[in-house]
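Below: the structure, in structure tokens.
2 protein chains.
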Amino acid sequence: MARPTPLSGFPEWLPDGRVVEQHVLDTLRRTFELHGFAGIETRAVEPLDQLLRKGETSKEVYVLRRLQEEDGDGADRSGQLGLHFDLTVPFARYVLENAGHLAFPFQRYQVQKVWRGERPQDGRFREFVQADIDVVGAGDLPYHYEVDLPLVMAEALGALRDIGVPPVRILVNNRRVAEGFYRGLGLEDVEGVLRSIDKLDKIGPEKVADLLVAETGATPEQARACLDLAAISGGDAGVVDRVRELAAAHGIASELMEQGLAELRQLIEAAAVRAPGVVVADLKIARGLDYYTGSVYETVLVGHEQLGSICSGGRYDTLASDGKQTYPGVGLSIGVSRLVSRLLSGGLVRATRGVPAAVLVAVTSDESRPASDAVATALRARGVPVEVAPTAAKFGKQIKHADRRGIPFVWFPATEDGAADQVKDIRSGEQVDAEATTWAPPAEDLWPRVVPAEA
Amino acid sequence: MARPTPLSGFPEWLPDGRVVEQHVLDTLRRTFELHGFAGIETRAVEPLDQLLRKGETSKEVYVLRRLQEEDGDGADRSGQLGLHFDLTVPFARYVLENAGHLAFPFQRYQVQKVWRGERPQDGRFREFVQADIDVVGAGDLPYHYEVDLPLVMAEALGALRDIGVPPVRILVNNRRVAEGFYRGLGLEDVEGVLRSIDKLDKIGPEKVADLLVAETGATPEQARACLDLAAISGGDAGVVDRVRELAAAHGIASELMEQGLAELRQLIEAAAVRAPGVVVADLKIARGLDYYTGSVYETVLVGHEQLGSICSGGRYDTLASDGKQTYPGVGLSIGVSRLVSRLLSGGLVRATRGVPAAVLVAVTSDESRPASDAVATALRARGVPVEVAPTAAKFGKQIKHADRRGIPFVWFPATEDGAADQVKDIRSGEQVDAEATTWAPPAEDLWPRVVPAEA
Chain E
1 MARPTPLSGF
11 PEWLPDGRVV
21 EQHVLDTLRR
31 TFELHGFAGI
41 ETRAVEPLDQ
51 LLRKGETSKE
61 VYVLRRLQEE
71 DGDGADRSGQ
81 LGLHFDLTVP
91 FARYVLENAG
101 HLAFPFQRYQ
111 VQKVWRGERP
121 QDGRFREFVQ
131 ADIDVVGAGD
141 LPYHYEVDLP
151 LVMAEALGAL
161 RDIGVPPVRI
171 LVNNRRVAEG
181 FYRGLGLEDV
191 EGVLRSIDKL
201 DKIGPEKVAD
211 LLVAETGATP
221 EQARACLDLA
231 AISGGDAGVV
241 DRVRELAAAH
251 GIASELMEQG
261 LAELRQLIEA
271 AAVRAPGVVV
281 ADLKIARGLD
291 YYTGSVYETV
301 LVGHEQLGSI
311 CSGGRYDTLA
321 SDGKQTYPGV
331 GLSIGVSRLV
341 SRLLSGGLVR
351 ATRGVPAAVL
361 VAVTSDESRP
371 ASDAVATALR
381 ARGVPVEVAP
391 TAAKFGKQIK
401 HADRRGIPFV
411 WFPATEDGAA
421 DQVKDIRSGE
431 QVDAEATTWA
441 PPAEDLWPRV
451 VPAEA
Chain L
1 MARPTPLSGF
11 PEWLPDGRVV
21 EQHVLDTLRR
31 TFELHGFAGI
41 ETRAVEPLDQ
51 LLRKGETSKE
61 VYVLRRLQEE
71 DGDGADRSGQ
81 LGLHFDLTVP
91 FARYVLENAG
101 HLAFPFQRYQ
111 VQKVWRGERP
121 QDGRFREFVQ
131 ADIDVVGAGD
141 LPYHYEVDLP
151 LVMAEALGAL
161 RDIGVPPVRI
171 LVNNRRVAEG
181 FYRGLGLEDV
191 EGVLRSIDKL
201 DKIGPEKVAD
211 LLVAETGATP
221 EQARACLDLA
231 AISGGDAGVV
241 DRVRELAAAH
251 GIASELMEQG
261 LAELRQLIEA
271 AAVRAPGVVV
281 ADLKIARGLD
291 YYTGSVYETV
301 LVGHEQLGSI
311 CSGGRYDTLA
321 SDGKQTYPGV
331 GLSIGVSRLV
341 SRLLSGGLVR
351 ATRGVPAAVL
361 VAVTSDESRP
371 ASDAVATALR
381 ARGVPVEVAP
391 TAAKFGKQIK
401 HADRRGIPFV
411 WFPATEDGAA
421 DQVKDIRSGE
431 QVDAEATTWA
441 PPAEDLWPRV
451 VPAEA
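Dropping the structure here:
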């Protein structure tokens, strides 16, 4: 087999990169669990007809076929399976399937790979890890979860600040504001307007204005008003007043908009107390997906805005429905691979080492390997990660072996009766007597850590 | 959407089952890391031609196709992707692809889902989680790793004993013993003999004897000798003597067999010291896969032998090769889903609760929700997992909400100036004054635990 080359769009990390990713995943999990979210995992596949219910995503789906399947590639889709392209569709199915066994409101987190057959580009992968939190109610779901959930994400991402992750800014909007405003203006194709506004960052306001005129039947004045709304942003409740002023200037009076503004104000005000400076109202946030009905969220890394959103989501009045019961929800999803990829490729963070072991136990001779194994066992029993040297090579070679891996300590078992074992910090060269039943490395050396790259 | 039904072969757990699985995964990870194994993760897909290099597995592979792909289902396999069916093939590819960045011997663990399009049956899934450890060398790999790795697995699985996992028995054999013995007997189709012997547990000795005669050209006497070899097992070095006696009785003198016996003896003797009673030589262990060249391992749960092996592997002289360099390895793989499925369906273990929260903070009124949020924040800052009640319902209803989830404590924020907050253990009914900056639940209630089912 010739040396294989990476598959574009399917990222993999070297061991030290995986240390970074694992640290991110552990940190997210801890925050989610502190907030009472239960971890679940769903299968990677869903029936194809379920995956295709949202027409837009059809081209992204990977379809599965058993190599020896008889029916081949027929047009019959029943029974066909595809890989999930997000964690929301499988979660909705899981809720319906297990509703009788779940206590509502049900808070869950889910960290899994998803797959999309898109053309790979910077920050866009065909296989990537998402970390989602959602709360779903049976029948109803109080508004306060729309405030709580982005703040959980702010805390989770904030917990990564000390390893060198830039601060995040969570941009929030409310679908009711946009819908009330557009309808008040006389525009009925709310979906179409949202889809056009969603392209603002990509194509700029002039082209969005053209789109609005061409595709939603807006007049140039209506298009201008939509763009004026989208231009409003800010971190305090003054935003709400500016939307009202703009609406008044266009003679818009909308109960829906007022409801949305009241919700948006509540979110902004609570966030200013619980996560100062993180949450900003941004009226251009549209989110392409049509199932959002209230708050919507996007999140940028400050200084890396061009990477796009690393954490998005919103409120959906109908996450799932079995005909009798409707399950409203609110949730956000972190693009873990996009984040980790930027941390690694941007040189923002580094792992102190790529292997777990803090200590390499040297082996003096093949015959004395059991003595080295015994030292390792004693250290491990006390929670110290240890490797034993692969061979009884010269000590210089064994030290080099540790050095190449970034293992900070080398342990030398005593070779004479009455002599003490010794342990050497190979960074400083300091070597001291030590006993495997009492010695421990400094806490900062015990496990690999993730630190800002310049540290 | 009607209520969906589970897909056969694609197991999913309810939140309390996931607590069990997560505990198993955390325990394995900790043991692997204490032994210096670095965690890696590979993409879920490999080029189809790489997956099909072992002919036997072709029918199990799931092939991927983008829904909108033009070329459809053509015969051209180049560029086609399939889901990996184990973690060994992707690991071998990862080693070749990244050899320049890895330090050898390279020890890694890998915990991921794999997919096989097999007919689902008890303990056999189409999607399941494996947890693998392997050590791979560049050019050579010392024998002692063949002793070390099963003992790491013994320790990892042993660490699950206190949650109610039955003891394990690791059955070991050495390919060289079998090959030397068969060749010494005059049987040249070693693969064929191994494949037949591998069916012993399924079809019994008589039918295996028939198979050996029919498919490997063995005489009935040769077949009998193979079965006599396969019948030898035991936990001490006496096994080696019995193999030698049997070989002598058939006039077999084989250097290869002697090398294998020396290795087997070394493994048995070391295991008797480092993990007494766990490792047993069993000469019938064949392992179907043709790439094993030295030690081979299977592992049964004592009392659940009919479940089959939950942890298997062996030594392969050529895990990977790029034409210039060969990479020998040794590794084992735990069938996590098979194990967890048995733990849950067999009622062997249970989680103390299915949600992380140890405390539900009650909400007295909608206006005082911020006070409840503040209590939650203070408790979480000290590492206590907390939920805040979804609504300001009557306290009785809020307590019921906690009870349904298995949350042991309900916190009542003070409603009058000067009054103290109170916390109630809803199991005992005991209610005491408490401060969020100092109170903590008993350690055994802090996080969900996994315990033997009868506990």
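Chains as they are written, first to last, in full-length UniProt numbering: chain E, 1 to 455; chain L, 1 to 455. Note that CB positions come from ideal geometry on N, CA and C, so glycine has one too.
Contact of Gln22/E with chain L by beta-carbon distance below 7 Å involves Gly39. The beta carbons of Lys397/L and Ala44/E sit no closer together than 8 Å. The region 320 to 340 of chain E makes no contact with the region 195 to 210 of chain E, as fewer than three CB pairs between them are under 8 Å. Put simply, the backbone Cα of Val278/L is about 37 Å away from that of Glu97/L. Counting along the chain, the unbroken alpha helix (DSSP H) around Gly192/E starts and ends at 190 to 197. Counting of Cβ neighbours within 10 angstroms places Gly335/E among the buried residues, the total reaching 16 or more.
Across the set Glu245/L, Leu185/L, Gly238/L, the C-alpha of Leu185/L shows the shortest separation from the C-alpha of Thr219/L. Distance from the CA of Pro150/E to the CA of Val239/E, rounded to the nearest whole angstrom, comes to 19 Å. Chain L places no beta carbon closer than 8 Å to that of Pro442/E, leaving this residue out of the contacts. With a 10 Å radius around the Cβ and a threshold of 16 neighbouring Cβ atoms, Asp201/L comes out exposed. For Leu34/E against Arg380/L, the beta-carbon gap comes to about 4 Å, under 8 Å, which counts as contact. Residues Ser337 of the same chain have their beta carbon placed closer than 6 Å to that of Phe128/L, with the five preceding and five following residues left out of the count. Arg274/L and Asp132/L have their C-alpha atoms roughly 21 Å apart.
Counted as a single uninterrupted DSSP element, the alpha helix (DSSP H) harbouring Asp210/E occupies residues 200 to 216. Scanning Tyr145/L, Gln431/L, Leu87/L for the CA closest to the CA of Asp317/L turns up Tyr145/L. Proximity of Val375/L to chain E, defined by a Cβ-Cβ separation below 8 Å, is not satisfied.
Beta bridge pairing from DSSP links Phe128/E with Val114/E. Per DSSP, the unbroken beta strand (DSSP E) holding Thr299/E starts and ends at 295 to 301. At least one CB atom of chain L sits nearer than 8 Å to the CB of Glu97/E. Annotated as distal: Glu387/L and Ala414/L, with beta-carbon spacing of 8 Å or more. Residue contact check for Tyr62/E against chain L: a CB pair falls below 8 Å. When DSSP assignments are scanned along the region 344 to 380 of chain E, the uninterrupted stretches of beta strand (DSSP E) that are 3 or more residues long and fall wholly within it turn out to be 349 to 351, 359 to 361. Using a CB distance cut-off of 8 Å, Arg93/E counts as an interface residue toward chain L.
Taking 8 Å as the upper bound on Cβ-Cβ separation, chain L lies near residues His101, Leu102, Ala103, Pro105, Gln107, Arg108, Lys113, Trp115, Gly117, Glu127 of the region 100 to 133 of chain E.
Looking only at Ala402/E, Arg404/E, Ala376/E, the smallest Cα-Cα distance to Ala440/E is reached by Ala376/E.
A distance below 7 Å between beta-carbons, with the five flanking residues on each side excluded, links Ala230/L to the following residues of its chain, in chain order: Ile197, Leu200, Leu283, Lys284.
Nearest to Gly36/E by alpha-carbon distance, out of Ala453/L, Arg124/L, Leu446/L, Val451/L, is Leu446/L.
Judged by their CB atoms, Val172/L and Ala262/L are not nearer to each other than the 8 Å cut-off.
With respect to chain E, the C-beta atom of Val330/L has no partner C-beta closer than 8 Å. By the C-beta density criterion, Gln68/E is exposed, having fewer than 16 other C-beta atoms within 10 angstroms. For Ile268/E, the uninterrupted alpha helix (DSSP H) segment begins and ends at 255 to 274. Here DSSP, grouped into helix, strand and coil, assigns Tyr291/L to coil. The Cβ neighbour count for Gly217/E, taken over all protein chains shown within 10 Å, is under 16; the residue is labelled exposed. Arg382/L and Thr437/L have their C-alpha atoms spaced approximately 8 Å apart.
Counting along the chain, Arg66/L sits inside the beta strand (DSSP E) bounded by residues 62 to 66.
Annotation: the region 413 to 446 of chain E contains the following complete segments of the beta strand (DSSP E) (minimum length 3 residues), in chain order: 421 to 425, 431 to 434.
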